[in-house]
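Note sheet for the following structure.
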Amino acid sequence: MQSGELCLNESLEKDVASAKDIVEGILKAKKLMRMYPANNPMHINASAGIFEKFNDFFNVHRDIAFKVTMNSLLYKDQQVYHKSDKDDNLAFFFFKDGIREISFMNGIDQQELEEFINILNIDFETDAPDDDIVTLLWDRDFKNLKYFVDQDFLGNWEVTSDSQSSDEKVLSAHKDALKKKPEKAVIQVELTESDFRYLADEMQKQNQPKLQKIIIILFESLYHTEETNYAREIIDIIIESIDYCIQESDFGKASYILNKLKSMAEDENRGIEGKRSLQTVYDKINSRHLIEKLSKPLDNPSDIDKEGFLAFAGHMDERSISSLIYLLGKLETIKGRYLVIDVLVQLGQQDINEVAKGLQDSSWHVVKNVAHVLGEIADPDSIALLVKTLSNSDHRVRKEVIIAIGNIRSSRTIRYLESTLTDNDKSVRLTAARTLGNTKTGDARKLLLSELSKKNFSEKDFSEKKEFYRIIAGWQEQDVKDFLIKTLNTKKFFKRAKNDENRACAAYALGLVKDIDAIKSLEIAGKSKNRVLRELSSAALKQLKG
Amino acid sequence: MITTDMREKDLEERAKDVVNHLAIIIRTTQLHDVNNVAVVQSIHKLLDVINPLISSEKITLRLIEEFFHLNGSRVRYTVEYSTNFDFIIAEFKKLGLGTIIFEDTMDEENIKGLLNAIKVAGPSDMPFQTLCDELVNVPHIKIEELQEIKEDTECSNKKKQIKRTYSSAVSITKGLLKRAESGEMINLKKSKRVIATITDQILEDESRSILVGMTTLKDYDDYTYHHSVNVSILAIAFGHKLGLSKKNLAELGLAALFHDIGKIKIPLEILNKPSALSDIDWKTMKLHPEWGAVTVLKLKGINESSMNLAITAFEHHLNYDLSGYPKLESRMSLDFFSRIIAIADQYDAMTSSRVYSRTAIPPDKVLGLLVEQSGKRIDPCLLKAFIQMIGVYPIGCLVMLDTEELGLVFDNNRDPGSSDRPNILIIADSSGMKTDTTVVDLLEKNDDGSYKRTIQKTLDPNEYNINLAEYLL
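Chains as they are written, first to last, in this note's numbering: chain A, 22 to 567; chain B, 332 to 804.
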């Protein structure tokens with residue numbers, strides 16, 4: 022073997038090894054990019070990794086072309102990939118759709134490569150049933166990726182023509198033409214500037230969404246038909262178009278469809294079919310199947326058309342309550358849950374027992390949200406249902422139930438909340454106190470004063486005590502003022518520090534109630550050795566004098 | 332007349348059989364000796380078809396470009412024989428063999444002599460010469476050398492590809508519409524592939540005219556499928572003229588291919604009625620746009636692609652002024668694609684003879700009729716662009732030039748100002764004799780600045796059974 026030949030072989034071996042490495046890189050990137058979402062570091066690194074491999078190759082070569090056989094990829098006639106099994110076989114994946122060669126050019130960028138690998142990862146059966154690798158590559162129109170396709174895929178038909186112009190016919194045509202008088206073309210056309218502008222505008226419009234037009238077409242077809250079965254076929258498509266709207270987060274359009282159906286049902290001239298169809302569609306939109314589909318658009322990070330969603334949900338009825346509660350458990354975003362809660366508040370008024378069933382849910386946040394819904398509905402009948410949930414093990418639920426009970430404002434509200442003032446969770450106790458405060462009732466005041474008067478109240482931490490005093494200051498009644506002055510003036514020898522905290526809280530509350538009768542007591546307390554008492558008394562005095 | 336027609340059909344079939352059996356025996360001889368039972372059996376099958384023909388006159392089998400001609404008539408190339416036809420065409424070319432003349436009734440020995448000669452000549456350096464030498468002692472068989480192909484191979488291949496695209500498109504559309512008719516789910520994969528190929532060919536200047544020329548092929552029996560493909564090609568070419576993106580062209584082409592899908596629901600007795608349609612028939616016929624839209628959405632669900640298809644299926648008989656059908660209750664504007672397809676649809680339909688309208692109108696006259704509807708039934712701006720695309724003398728027009736040559740409009744000149752000066756395929760010289768077809772550009776000038784040729788008169792090509800597609804095939 023000559024030395025030149027040896028060099029050539031070595032160079033070929035090196036190139037083949039690099040090509041093999043690129044194919045392995047493609048396979049690895051394909052796997053990782055399928056497994057991890059686009060923002061995941063593994064996905065990002067996989068994309069960068071394969072781009073780097075191509076770049077390294079293109080430092081030396083202008084392009085890389087792989088011949089495709091059924092089970093192998095060849096580079097310069099050397100096998101760089103082989104898999105005998107057809108499953109997950111890259112060569113067969115190209116081969117089956119007719120690709121016989123695939124080339125990557127120097128200049129291919131990371132985005133192009135990523136899009137190429139995304140195409141390899143498409144599940145054609147579910148995501149692109151009307152496409153194959155060739156149509157997708159063609160659609161994408163890659164600049165630096167070329168492929169050769171064997172068009173045998175399309176079949177091997179030949180077109181034939183029955184008519185064959187005979188010499189006689191041609192001669193006859195010639196003779197006839199000679200006899201004819203010369204004529205001039207009558208049509209001369211010229212496109213003007215405004216024509217071009219018009220065409221450009223129309224082309225632009227062509228890429229706008231088409232759903233609105235489809236809805237019109239479906240309704241036109243529905244209006245025209247007299248055949249029941251055909252009308253039902255159309256209704257099925259209308260239902261599917263609602264599904265499509267949901268999938269596209271276009272709730273305004275879904276609501277538009279439902280409104281059109283409703284008008285049709287209310288139109289006496291449209292016959293029974295309109296009413297029947299509306300019923301079918303309403304059955305569908307209240308179904309668990311459809312409601313489950315709401316989770317995707319509702320959790321979508323982009324802004325949802327709230328007005329459109331609420332208009333769409335306005336077509337739901339109490340049958341959807343349990344599914345909406347189920348949906349609450351599935352939703353991952355607060356924004357989505359708020360929207361469903363808004364809908365439940367509306368629908369729940371028709372059946373609070375159905376809503377209350379959600380209080381039995383195993384998920385704490387569903388129970389919390391349901392309690393919130395019941396609170397918003399504020400039907401006194403739901404208090405009894407809510408009270409049972411006050412013993413829920415999750416403090417967040419208990420808090421929400423307290424707020425809900427507070428909202429309902431029944432005569433029994435204060436009684437139900439009494440026990441919650443002694444809940445073992447501070448935040449629950451505070452919620453209870455605030456809720457009582459919000460009622461502004463005498464019973465609530467008395468209950469809170471009684472709580473503040475308890476011996477063990479001073480044992481609570483300062484922030485809790487201060488909040489309780491803030492709440493009681495919401496009342497301007499004399500018994501409150503008297504209680505506060507009395508507390509401020511009370512000195513104790515034992516447990517002095519805790520008592521001074523109580524006094525400081527009373528001073529703080531007196532400032533809030535602006536009781537001028539308390540000025541003297543506050544001036545004395547303002548000279549206390551206890552810093553907190555001193556500061557809060559001085560602050561209260563400023564409030565009173567200012 | 333019927334007897335003559337039947338006889339012609341029979342001869343056509345026999346001609347195909349001759350080529351087919353000849354291919355079989357040559358192929359079999361490549362594997363076996365000429366005395367092998369299988370070869371002998373095949374020889375007798377050939378004798379059975381060829382001898383009845385030789386009994387009336389000698390048989391000349393000639394290869395011209397990609398087709399065999401038996402005694403001057405082209406042998407139809409059909410799907411069932413395609414493999415054998417492709418094989419024998421390749422064999423003839425390999426041997427440099429252009430013609431075999433069977434001068435008298437053949438027997439087994441004559442054919443064996445021919446086969447042996449082919450077998451020997453195959454690996455030879457000068458195959459045709461060897462073949463001649465080997466046949467010297469074989470009676471009643473004469474051969475002639477293959478004539479040089481006039482067109483360059485690239486052009487011929489291009490034509491071949493385009494013809495194949497066209498026929499695939501027809502065949503795929505037919506298959507798909509048949510499946511839709513029987514209520515089966517349809518997959519658009521193949522249609523998309525064929526539309527992608529058509530789009531690529533339209534985007535290529537040289538291929539475009541051939542492909543658009545193919546739309547002059549009007550098949551009376553398979554009208555719906557040919558029409559669908561024609562409309563699709565015209566729409567893509569039109570869209571290209573308008574400057575649509577490649578992706579939009581493909582969407583437009585697919586929508587055009589299925590614009591008449593609603594017709595699958597029209598009873599065949601109406602669709603194939605030879606007489607004029609009654610009012611009731613028309614009422615049914617007018618439902619096909621709605622049926623089309625509903626069928627597409629039912630079979631393909633709601634997605635970007637199916638919405639395009641449904642809209643154009645629904646709107647293609649709605650006019651620019653929203654007259655036409657279906658009658659609308661809601662006010663809406665017509666989709667851009669629908670307006671493009673409507674023009675292509677009307678143009679192709681009017682230039683075709685259909686079941687319920689046997690009269691095809693010459694292409695240039697169709698443009699005149701469309702212009703009359705401009706601004707009323709047809710978007711005036713789009714019609715202007717369409718005429719610029721297809722030319723004042725549209726592709727397929729039969730014209731007489733001031734040189735008294737007869738020709739068919741082959742391609743429109745790109746310059747909008749020269750739309751009355753297309754490229755012409757000359758089919759007869761000034762004396763009316765058929766000529767070898769050549770393409771001339773009417774923009775060509777003499778030294779004195781005058782045009783070499785100018786269109787003087789137009790004729791109805793249908794009246795004389797002359798269409799451009801025939802010359803492209």
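Cβ coordinates follow ideal geometry from the N, Cα and C atoms, glycine included.
Item: Does the CB of Ser242 of chain A have a neighbour CB from chain B at under 8 Å?; Value: yes
Item: Which same chain residues end up closer than 7 Å to Ala546 of chain A when comparing Cβ atoms and leaving out the 5 residues on each side of it in sequence?; Value: Leu509, Arg524, Ala528, Leu554, Ser558
Item: Do you know whose CA, among A:Ala286, A:Ala149, A:Asn390, lies nearest Asn634 of chain B's CA?; Value: A:Ala149
Item: By the three-class DSSP mapping on this structure, what secondary structure does Lys788 of chain B have?; Value: strand
Item: Residue ranges of each beta strand (DSSP E) run of no fewer than 3 residues wholly in the region 469-517 of chain B, ordered along the chain?; Value: 472-476
Item: Start and end of the alpha helix (DSSP H) containing His336 of chain A?; Value: That residue, His336 of chain A, is in no alpha helix (DSSP H); it is neither H nor E in DSSP.
Item: Give the interface partners of Asp610 of chain B over in chain A, defined as CB-CB distance under 9 Å, in chain order.; Value: What Asp610 of chain B touches in chain A: nothing, since even the nearest Cβ is about 17 Å away.
Item: What residues match up with Glu122 of chain A in a beta bridge as DSSP calls it?; Value: A:Lys88, A:Phe169
Item: For Lys765 of chain B, which beta-bridge partners are listed by DSSP?; Value: B:Ala759
Item: At a Cβ cut of 9 Å, what residues of the region 241-260 of chain A count as close to chain B, listed as they run along the chain?; Value: Glu241, Ser242, Tyr244, His245, Thr246, Tyr251, Glu254, Ile255, Asp257, Ile258
Item: Please list the residues of the region 212-231 of chain A that have a C-beta atom closer than 7 Å to any C-beta atom in chain B, keeping them in chain order.; Value: Leu212, Asp216, Tyr219, Leu220, Glu223, Met224, Lys226, Gln227, Lys231
Item: Interface residues of chain A around Ser684 of chain B at Cβ under 8 Å?; Value: Per Cβ cutoff of 8 Å: no residues; Ser684 of chain B is ~11 Å from chain A at best.
Item: Taking 8 Å as the CB-CB limit, is Glu621 of chain B close to chain A?; Value: yes
Item: If you scan the region 368-454 of chain A from start to end, which runs of the alpha helix (DSSP H) of 4 or more residues do you find wholly inside it?; Value: 373-377, 385-398, 404-408, 416-429, 434-439
Item: 8 Å is my cut-off, CB to CB: does Asp162 of chain A come that close to chain B?; Value: yes
Item: At the 8 Å Cβ level, is Leu192 of chain A part of the contact set with chain B, yes or no?; Value: yes
Item: What separation, rounded to the nearest whole angstrom, lies between the Cα atoms of Lys631 of chain B and Met54 of chain A?; Value: 29 Å
Item: Quick one: is Val210 of chain A near chain B, going by C-beta distance under 8 Å?; Value: yes
Item: Could you please give the first and the last residue of the uninterrupted beta strand (DSSP E) stretch that includes Met731 of chain B?; Value: 729-732
Item: With DSSP as the reference, identify every bridge partner of Arg393 of chain B, one or two as the case may be.; Value: B:His400, B:Thr430
Item: When the Cα of Asp109 of chain A is compared with those of A:Met91, A:Tyr96, A:Asp98, A:Gln100, which residue comes out closest?; Value: A:Met91
Item: Among residues of its own chain, excluding the 5 on either side of Leu799 of chain B, which ones have a beta-carbon nearer than 6 Å to its beta-carbon?; Value: Gly544, Thr547, Gly727, Leu739
Item: Is the number of C-beta pairs between the region 375-390 of chain B and the region 344-357 of chain B that are closer than 8 Å three or more?; Value: yes
Item: Any Cβ of chain A within less than 8 Å of the Cβ of Glu512 of chain B?; Value: no
Item: Does the beta-carbon distance from Arg161 of chain A to Ile143 of chain A come in below 8 Å?; Value: no
Item: For chain A, is any of its Cβ atoms less than 8 Å away from the one on Asp778 of chain B?; Value: no
Item: Going by the CB atoms, is the gap between Lys420 of chain A and Thr452 of chain A shorter than 8 Å?; Value: yes
Item: Can you confirm whether Ala759 of chain B, when its beta carbon is compared against all beta carbons of chain A, has any partner nearer than 8 Å?; Value: yes
Item: I'd like to know whether the C-beta of Leu279 of chain A is nearer than 8 Å to at least one C-beta of chain B.; Value: no
Item: Quick one: residues in its chain with C-beta nearer than 6 Å to the C-beta of Ala624 of chain B, no 5 flanking neighbours on either side, listed in chain order?; Value: Ala641, Ala644, Phe645
Item: Am I right that Pro693 of chain B and Gly722 of chain B are in contact with their C-beta atoms under 8 Å? What's the rounded C-beta distance?; Value: Going by Cβ atoms, the distance from Pro693 of chain B to Gly722 of chain B rounds to 13 Å, so no, they are not a contact pair.
Item: Taking the beta carbon of Val410 of chain B as the centre, do at least 16 other beta carbons fall within 10 Å, making it buried, or is it exposed?; Value: Unreliable placement is indicated for Val410 of chain B, whose pLDDT of 44 sits below 50; the coordinate value is still reported in the next sentence. Exposed: under 16 other Cβ atoms inside 10 Å.
Item: Helix, strand or coil for His64 of chain A, going by three-state DSSP, please let me know.; Value: helix
Item: Is the shortest distance between the beta-carbon of Leu575 of chain B and the beta-carbons of chain A less than 8 Å?; Value: yes
Item: Which one or two residues does DSSP pair with Leu739 of chain B in a beta bridge?; Value: B:Leu729, B:Leu756
Item: What residues in its chain sit with their C-beta under 6 Å from that of Ile259 of chain A, if we drop five residues either side in the sequence?; Value: Leu239
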